[in-house]
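Here is the structure we will look at, set down as structure tokens.
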Amino acid sequence: MPEINHIKLANSKSKGKRPYFFDDPAVERVLNITMAVAMEHAVTRERLDTIERLLEAKGILSKSEIDAYEPDKTAALERQGWQAEYIARILRIVQQELEALEHPENNRDLEDIAEELGQT
Numbered sequence: 003m004p005e006i007n008h009i010k011l012a013n014s015k016s017k018g019k020r021p022y023f024f025d026d027p028a029v030e031r032v033l034n035i036t037m038a039v040a041m042e043h044a045v046t047r048e049r050l051d052t053i054e055r056l057l058e059a060k061g062i063l064s065k066s067e068i069d070a071y072e073p074d075k076t077a078a079l080e081r082q083g084w085q086a087e088y089i090a091r092i093l094r095i096v097q098q099e100l101e102a103l104e105h106p107e108n109n110r111d112l113e114d115i116a117e118e119l120g121q122t
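Those letters in the sequence shown? Residues 3 to 122, per my numbering, in order.
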């Protein structure tokens, strides 16, 4: 199975106009980033809780042993890669807005696309 490039995937652009809920684009951007972080955190926290409970219930590791863990160089590099992918997902909206500003010729309204499809 081919490896997924999460950074490239986070930069993929959906078709059509992005829905906006606030008049101020900065508020919209912060809300999108906050919601992305909240979702990532909620999923991670739930999975971490499950793992810690299973490890402790099976007598494999205690929470204090987990807290005392210090990663080696390989683990630290793997974590660094994960963090880069995570930040790319969180800041996806900012990247897409920058791309839209750099290439306005690629920005198309959903109405324009629908009109084109209706003519074929």
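Cβ coordinates follow ideal geometry from the N, Cα and C atoms, glycine included.
- Taking C-beta atoms as the reference points, Lys65 and Glu48 fail to come closer than 8 Å.
- The C-alpha of Glu117 lies about 36 Å from the C-alpha of Met41.
- Ile95 places its beta carbon less than 8 Å from that of Asn34.
- In this structure, the CA atom of Asn108 is about 44 Å from the CA atom of Pro73.
- Going by DSSP, Lys75 is part of the alpha helix (DSSP H) stretching over 75 to 92.
- Ranking Val39, Pro106, Gln98 by CA distance to the CA of Gln85 puts Val39 first.
- Rounded to the nearest whole angstrom, the C-alpha separation of Asn7 and Ile92 is 15 Å.
- Closest by C-alpha distance to Leu50, out of Leu100, Glu87, Ile68, is Ile68.
- Look at Pro4 here: in three-state DSSP terms it is coil, with no helix or strand label.
- Rounded to the nearest whole angstrom, the CA to CA distance from Glu30 to Gly120 is 32 Å.
- Distance from the Cα of Ala28 is smallest, within the candidate group Val45, Glu99, His43, for Glu99.
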